């Protein structure tokens with residue numbers, strides 16, 4: 001019997017003997033189940049000790065003792081007691097053996113069936129040898145885990161072929177599946193094996209255990225196994241060896257103190273990496289060189305099950321997979337081409353692979369995100385392009401300067417084909433704005449990257465560029481949207497201005513609510529216009545500006561139509577009389593009644609109170625400020641539009657070979673001309689503001705205070721009705737105005753009220769009617785009243801500037817100075833100015849603004865309590881006596897519109 005057969009008989013007898021001993025006395029008084037114990041890896045000395053001591057048998061301790069004993073030479077009983085066989089390699093520090101070990105030549109494995117099945121070739125141990133770990137070294141604690149290595153000393157020194165590595169990788173995969181519970185082995189008949197293993201067994205596998213694989217992995221294992229050239233015999237034996245190998249190494253001490261470190265890769269990482277590299281190669285189609293199989297992703301997921309055994313991490317997986325792909329490219333027919341062409345093909349293939357992955361991802365995501373796949377694809381490809389430009393192209397540039405340009409142009413071309421197919425099949429583009437927008441963003445992104453790389457030089461691959469021409473499809477859509485949006489804004493403007501009651505929005509926001517709503521929808525339109533990310537031109541911008549202007553003009557026109565002329569609030573000038581006391585107190589007098597506005601005007605006046613006029617002025621100022629902000633925002637956004645136009649023009653020039661145009665100044669000039677349309681809105685707002693400013697003082701003095709001030713001041717006597725009586729009322733008006741008006745308009749409104757007060761005082765002095773006649777001694781009191789009124793508006797430096805107040809009060813002061821003159825002097829002045837007098841004695845306010853004209857001098861004489869003046873007026877102008885007329889008493893004057901003093905009494909309501 002040869003040595004190999006004798007060794008197998010010895011192993012069988014050893015197992016039987018250990019089974020007998022342990023079954024009889026190794027259970028510590030209890031039955032011992034040895035069906036799951038590998039008796040080949042049990043220490044005989046430990047088994048004997050347990051039987052002798054009657055102790056409980058521990059399989060783990062028995063295995064540990066077995067491997068510990070394997071570290072030392074195997075002793076053989078001899079008369080001298082010191083003879084042994086040296087089965088491991090000798091160490092330099094050991095003493096030489098006294099007897100040489102028997103010479104054992106490598107022999108073929110025995111063909112007889114044994115309890116462990118056929119003996120497979122130990123590729124795992126062969127791989128260890130190839131990786132550089134030699135048996136018998138000081139750190140080689142796992143060298144003899146396989147009992148048959150005694151006859152394989154020569155085999156361990158051989159180099160492994162690619163087929164050996166490939167099949168070992170496959171066995172590692174099966175072991176990983178076995179450990180993870182994805183595959184199970186049972187002693188079933190050949191006919192009951194899973195179909196994915198049919199045809200893969202050799203004739204020597206007749207009695208080998210069959211494997212049962214989960215359905216989800218059967219197809220993948222089948223694919224990987226088809227990739228392996230041949231199947232080693234005795235799969236269960238190999239897996240048992242791997243399991244023991246794995247259990248032993250996992251218990252060893254860590255070497256590098258890394259997280260989840262195992263002995264596998266810290267000691268044999270170079271060999272493990274070779275195994276994993278070969279395993280990754282199964283993603284390629286064996287029939288089509290360089291092509292990935294459809295199940296490549298599933299194969300990669302399955303390969304991840306080997307990570308715990310081989311010590312692979314996510315980062316290492318990425319490195320290996322990239323290396324495998326690159327090697328496959330090198331092995332393809334292009335491997336013999338030049339370096340630049342090789343990199344070119346690498347870029348093309350990698351970009352195309354990334355594109356295919358993005359295409360699949362966009363289809364999947366579109367179902368969950370409810371978006372069109374093209375919109376998702378555009379964003380996916382932008383990420384691919386960004387990674388290409390930042391991670392790969394800088395490295396590939398030194399080998400192939402055109403790498404980044406090729407990648408960008410190829411991505412542009414791939415997406416362009418998908419977009420072209422979509423546009424050809426779509427009849428209605430109204431619902432495709434998002435697709436066109438994302439496509440335009442992607443093209444601009446590519447154009448920007450190309451410009452940063454190529455500059456104006458272009459690229460030799462520019463002829464592959466085909467601009468998407470999105471503007472041709474989006475331009476009519478934008479115009480349609482603008483037209484519809486303009487109608488919506490206009491309708492909303494009319495509705496909101498129609499219900500406006502001109503109350504301030506809040507204590508801090510003193511403008512009308514309606515104007516805020518109008519500008520809100522205008523700003524939303526502008527934002528949507530520029531955020532659409534579609535190609536824009538000057539036609540679109542013109543349409544946008546026209547829509548904004550139209551809405552604001554409608555708003556301003558409504559405000560303008562609500563105004564009435566300030567002249568309608570002025571009391572009519574009474575008949576001119578000469579001062580004369582009544583000789584008969586019981587004589588009937590002629591009644592002078594004040595004029596009352598028409599009902600239509602009176603209705604409008606109810607909506608033109610001073611508080612509401614303040615809100616209107618604030619609103620007009622807000623329109624001007626907001627229009628400036630909108631114009632500036634549109635101009636800034638248009639700069640971005642011009643940048644996009646330049647990029648698209650750059651791309652078009654590259655594709656056609658034309659010279660790149662840089663001069664867009666003429667277009668900029670046209671844009672500046674477009675914005676002049678806003679000047680019309682500004683002018684309308686300014687004119688309306690002036691109208692309201694001129695009206696607000698007249699409203700406050702000549703209407704709201706006409707009874708309390710105009711018809712009462714200096715009535716019958718100066719001393720009895722002084723200005724100080726009306727100062728609190730005027731002060732209340734000023735306080736309320738200052739609370740309502742914005743700071744930028746405060747002084748303008750206060751100035752208009754002061755001007756109206758001066759005009760009211762002049763009206764009392766010149767058109768006060770028969771009830772007012774002044775002595776020269778009254779002038780001092782009236783000058784004191786004028787000074788008191790000026791101090792109120794100066795407000796100790798907090799109000800109007802002193803020079804402004806003095807300028808506006810100059811005419812009233814000059815009229816008071818006339819009353820200081822003698823009647824003869826005034827008559828002489830009147831005669832000198834009589835040539836300038838018109839035939840009508842009644843004049844408008846604007847005609848009597850000059851203090852020395854005939855109209856003013858005549859009225860001074862009419863209100864001068866002087867006999868000489870009265871005689872002159874009777875002889876020269878035949879004026880009636882003042883005593884023949886009577887002004888309507890204040891208590892009888894009933895205005896159709898509530899006065900401002902009444903509003904103040906009712907509280908601070910703005911209505």
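Numbering (the UniProt record's numbering), first residue to last: 1 to 911. Yeah, the Cβ is synthetic: ideal placement off N, Cα and C, and Gly gets one too. Keep in mind it's a predicted model, so treat the numbers as computed, not measured.
Straight through space, the alpha carbons of residue 627 and residue 510 are spaced by roughly 18 Å.
Beta-bridge partners of residue 590 (DSSP): 885. The three-state reading of DSSP puts residue 504 in strand, counting E and B together. Assignment of alpha helix (DSSP H) within the region 708-761, counting only whole runs of 4 or more residues, yields 727-740 in chain order. If you ignore the 5 residues before and after residue 553, its C-beta comes within less than 8 Å of the C-beta of 680, 681 and 684, all in its own chain and listed in chain order. For residue 644, DSSP records no beta bridge to any residue.
Taking 8 Å as the upper bound for CB-CB distance, residue 702 and residue 613 are not in contact here, some 14 Å apart.
The Cβ atoms of residue 698 and residue 756 lie closer than 7 Å to each other. In its chain, beyond the 5 residues on either side, 492 and 496 have a beta carbon closer than 8 Å to the beta carbon of residue 517. CA-CA distance, residue 69 to residue 60, rounds to 14 Å. The criterion of a C-beta distance shorter than 7 Å is not satisfied by residue 717 and residue 887. Remark: C-beta atoms of residue 819 and residue 851 do not approach each other more closely than 7 Å.
For residue 576 and residue 617, the gap between their C-alpha atoms comes out near 39 Å. Of all alpha-carbon atoms in 624, 638 and 700, the one lying nearest the alpha-carbon of residue 608 is that of 700. A distance of 7 Å or more separates the beta carbons of residue 870 and residue 854.
Checking the DSSP bridge columns, you'll see residue 529 has no partner listed.
Membership of residue 485 in the alpha helix (DSSP H) is indicated by the continuous run 470-498. Residue state for residue 772 is assigned as coil, using DSSP reduced to three classes. Using a Cβ-Cβ distance cut-off of 8 Å, the region 719-729 and the region 783-791 are in contact, since at least three pairs of beta carbons, one from each stretch, lie closer than that value. Rounded to the nearest whole angstrom, the C-alpha separation of residue 831 and residue 857 is 10 Å.
Taking 7 Å as the cut-off, the Cβ atoms of residue 709 and residue 726 count as close.
Bridge partners of residue 578 according to DSSP: 881. 7 Å or more divides the Cβ of residue 559 from the Cβ of residue 368. With respect to the C-alpha of residue 505, the residue from 615, 484 and 520 having the closest C-alpha is 615.
Excluding the 5 residues flanking it on each side, residue 535 has same chain C-beta neighbours closer than 8 Å at 440, 470, 471, 474, 475, 644, 645 and 648, in chain order. Looking at the DSSP output, residue 292 bridges to 284.
For residue 355 against residue 312, the beta-carbon gap comes to about 28 Å, at or over 8 Å, which does not count as contact. The Cβ-Cβ distance between residue 859 and residue 761 does not fall below 7 Å. Around the beta carbon of residue 745, a 10 Å sphere encloses 16 or more other beta carbons of the protein chains shown; the residue is thus reported as buried. For residue 798, the three-state secondary structure derived from DSSP is coil.
Scanning 46, 19 and 44 for the CA closest to the CA of residue 34 turns up 19.
Taking each of 389, 400, 478 and 482 in turn and checking the Cα distance to residue 450, the smallest one comes out for 389.
About 37 Å separates the Cβ atoms of residue 606 and residue 773, ruling out a contact at the 8 Å cut-off.
Looking at the DSSP output, residue 822 bridges to nothing.
Residue 635 carries a helical assignment under DSSP once its states are collapsed to helix, strand and coil.
Apart from the 5 residues on each side of it in sequence, residue 428 has no Cβ closer than 7 Å to any other Cβ in its chain.
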